[in-house]
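Novice:
In the numbering used here, the protein residues as written are 99 to 175.
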């Protein structure tokens with residue numbers, strides 16, 4: 099568990115650097131590598147405690163885990 103946050107920081111820095119510098123270069127598959135780098139950045143920042151979902155609407159909202167359903171009164175007919 100001690101390696102998780104430094105590794106997430108490394109991937110966040112690497113993908114952020116790619117998005118800011120090399121991501122703007124023309125390439126044959128225009129949005130594939132930028133989308134992958136953005137996904138890596140968002141997931142690694144999520145591990146570090148930063149939520150990018152509020153700034154990027156296409157990531158969607160996380161649904162809260164459903165609590166156990168409370169059962170109402172049982173009606174026998």
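A virtual CB, placed ideally from N, CA and C, is assigned to each residue, including glycine.
Given the structure is predicted, the values throughout are model-derived calculations rather than measurements.
Report the CB separation of residue 139 from residue 121 in whole angstroms; it is logged as a contact under 8 angstroms.
Specialist: The count along the chain shown starts at 1 and reaches residue 139 at position 41. The count along the chain shown starts at 1 and reaches residue 121 at position 23. Contact flag wrong, Cβ pair sits at about 11 angstroms.
Novice: Are the segment 99–110 and the segment 127–134 in contact at 8 angstroms, needing three or more beta carbon pairs?
Specialist: no
Novice: Under the three-state reduction of DSSP, which class applies to residue 147: helix, strand or coil?
Specialist: Here residue 147 refers to the residue found at position 49 when the chain shown is read from its first residue. In this structure, DSSP gives residue 147 a state outside helix and strand, which the three-state scheme calls coil.
Novice: Do you know offhand how far residue 132's Cα is from residue 118's?
Specialist: Locating residue 132 in the chain shown gives position 34, where the first residue counts as 1. Locating residue 118 in the chain shown gives position 20, where the first residue counts as 1. Rounded to whole angstroms, residue 132 to residue 118 spans 10 angstroms at the Cα level.
Novice: Using the beta-carbon count (16 or more within 10 Å), is residue 137 buried or exposed?
Specialist: Reading the chain shown from its first residue, position 39 is the one you call residue 137. That one is exposed.
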